[in-house]
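These notes are about the structure you will find just below.
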Amino acid sequence: MQPQIKSNGALLPILSVLLLIPIVAVTGATHECTLEKRQQDEVCVFRNVVYRANDSNFVFKAPTSAKVQHVAFEDSTLNHIPREFLSAFPDLRALTVVQVNLSSVVIPSKLERLYASNNRISKVIVHQTKDNTAMLELMLDSNQLSDIRNLTRLAKLEILNLGGNRELPVEDTVDLGRFRGLDALRHLVLSDVDMLYVENEENVALPSLELLDLSNNNLITTNLRVQVFAPLKQLQTLRLSHTLISDLEALQLTQNNPGLKTVYLEGNNFKCDRQRQIVEQLHRSGIATPVSQNARCMQGFEKRDEMCCQSSALNNLLPPVSGPDTRPKAGEDEATTLSPTPTVARATTTASSPSTVAPRGETMNKDNSAATLVTLGSGVLSLTFVTIVKLALF
């Protein structure tokens, strides 16, 4: 028995060391950022930081005597913003945490700009109040947000990007009333959020709003009422590109929003004649209709006014052209791409054309009715022919 006791005694120090190694790795890490010049800002950059949900006692610091107000995390993995980091940088004005796997993010009391695109954020913790807020720019595109109520505390916020947050709609709808209280907001991006309807049930004004981006959504004509935009008296730019609309009440839009300067319409489902009427109406009111992509039209569409449109009514009887969706995603630069026919939708959507998205009221699409009649007519002719052949034989 004595040799066995000695053997166990020798193993105890080794086991103790092995147990301590992972503890030291997650609780004793020290990270120092490096000062770098980024355009007009001096940014202190942390790299290769791994911070998991239960980690603690990390040390974050800046170079000696440096007064750091903009910090960036790059090539890092953060479950959330470390408390130790926030304590080490109490005067933080700008924070860049793009594509670092965040599930939540904190807006500290003095922060003015937050860039947190391409994460999996479902929760935003705001340490600012409506009476004491500093936030000006908030980039939260391509995340998993559904509840944005606490963002309305940010009364000084000027730019808000929520594009690509596909959990944002409630019953397929985004109501502009959810942004009530953001009276300083100038730019609101709601592109690619999988909305079918945009509403403004309480006619919320958003008195400073100049740009509204609704592009890359499954909006159709019956679901888009221009009265929704009427309370937005400062609206100058409206992005409606790459939706599924086939018509637009252009005259009413110009009357409701006299300050409107630019409307983006490319990548929709307009017939060419109707598109020409809409463009002419907007141009008569001094509204530009620029095209942000040098698009090449697919079969059944032709280019008019630098935009692809349905070339003839016959195309309405043809099935939608299937193919990959090349519409720009939220946060991507718009570049020269192949423009799909507007009836092509993302693989993850339930709508592939206006005829397959059921509007409120379940109204029947006229084009589908025409196609059905043609099909029935062909069937009747076939049956008649077969009957005549049988009579001739017998």
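In terms of mature numbering (1 follows the signal peptide of the UniProt record, and there is no 0), the sequence shown is residues -28 to -1, 1 to 366.
Here a beta-carbon is modelled for each residue, glycine too, at the ideal position from N, C-alpha and C.
Small disclaimer: the values here were computed from a predicted structure and weren't measured.
Thinking C-beta only, is residue j closer than 8 Å to residue i?
{"i": "Glu109", "j": "Glu130", "result": "yes"}
{"i": "Val170", "j": "Val200", "result": "yes"}
{"i": "Asn20", "j": "Asp47", "result": "yes"}
{"i": "Met167", "j": "Leu183", "result": "no"}
{"i": "Lys243", "j": "Cys281", "result": "yes"}
{"i": "Leu74", "j": "Leu58", "result": "no"}
{"i": "Ser187", "j": "Leu212", "result": "yes"}
{"i": "Glu238", "j": "Ala267", "result": "yes"}
{"i": "Leu117", "j": "Leu86", "result": "no"}
{"i": "Leu162", "j": "Leu134", "result": "yes"}
{"i": "Asn172", "j": "Leu140", "result": "no"}
{"i": "Gln247", "j": "Asp277", "result": "yes"}
{"i": "Ser257", "j": "Tyr236", "result": "no"}
Return the Cβ separation of residue i and residue j in integer angstroms, given the expectation that the two are a contact with Cβ distance under 8 Å.
{"i": "Val77", "j": "Val96", "result": "6 Å"}
{"i": "His99", "j": "Ser81", "result": "5 Å"}
{"i": "Leu204", "j": "Thr226", "result": "So it is not a contact: roughly 13 Å between Cβ atoms."}
{"i": "Asn175", "j": "Thr215", "result": "Asn175 to Thr215, Cβ: 23 Å. No contact."}
{"i": "Leu132", "j": "Leu160", "result": "5 Å"}
Which residues in the same chain as residue i place their Cβ atom closer than 6 Å to its Cβ, once the five residues preceding and following it in sequence are excluded?
{"i": "Gly136", "result": "Asp113, Ser114, Asp164, Ala302"}
{"i": "Asp13", "result": "His42"}
{"i": "Tyr23", "result": "Leu50, Pro54"}
{"i": "Asn228", "result": "Ala202"}
{"i": "Leu210", "result": "Leu184, Val235"}
{"i": "Ala1", "result": "Phe30"}
Which word fits residue i, buried or exposed, when buried means at least 16 other C-beta atoms lie within 10 angstroms of its C-beta?
{"i": "Pro54", "result": "buried"}
{"i": "Leu220", "result": "buried"}
{"i": "Val31", "result": "exposed"}
{"i": "Gln11", "result": "exposed"}
{"i": "Thr322", "result": "With a pLDDT of 35 at Thr322, under the threshold of 50, the modelled position of that residue is not reliable, and no figure is offered here."}
{"i": "Asp119", "result": "exposed"}
{"i": "Ser89", "result": "buried"}
{"i": "Glu84", "result": "buried"}
{"i": "Gln271", "result": "exposed"}
{"i": "Asn26", "result": "exposed"}
{"i": "Arg121", "result": "exposed"}
{"i": "Ala222", "result": "buried"}
{"i": "Asp245", "result": "exposed"}
{"i": "Ala317", "result": "Confidence is the limiting factor: at Ala317 the pLDDT is only 35, short of 50, which leaves the residue's position unreliable and the question unanswerable from this model."}
{"i": "Ala28", "result": "Here residue 28 is Ser; the residue named in the question, Ala, does not match the sequence. So Ser28 counts as exposed."}
{"i": "Arg92", "result": "exposed"}
Near residue i, which residues of its chain fall below 8 Å by C-beta distance, leaving aside the five closest residues on each side in sequence?
{"i": "Lys128", "result": "Thr105, Ala106, Met107, Leu108, Ala156"}
{"i": "Gly153", "result": "Lys102, Thr124, Arg125, Ala127"}
{"i": "Cys16", "result": "Cys5, Thr6, Leu7, Glu8, Ala34, Pro35, Ala38, Val40, His42, Val43, Ala44"}
{"i": "His3", "result": "Phe18, Val21, Phe30, Val31, Phe32, Lys33"}
{"i": "Ile208", "result": "Correcting the residue type first, residue 208 is Gln in the shown sequence and not Ile. Excluding positions up to five away in sequence, the list reads Glu182, Leu183, Gly231, Leu232, Lys233, Thr234."}
{"i": "residue 369", "result": "The question about residue 369 has no answer, for the chain in this structure spans -28 to 366."}
Note down, in chain order, each residue of its chain lying with its Cβ closer than 7 Å to the Cβ of residue i, except the 5 sequence neighbours on either side.
{"i": "Pro230", "result": "none"}
{"i": "Arg138", "result": "Val165, Asp166"}
{"i": "Phe61", "result": "Val40, Val43"}
{"i": "Ile217", "result": "Leu191, Ile192, Thr193, Leu196, Asn240, Asn241"}
{"i": "Phe273", "result": "Cys280, Cys281, Gln282, Ser283, Thr313"}
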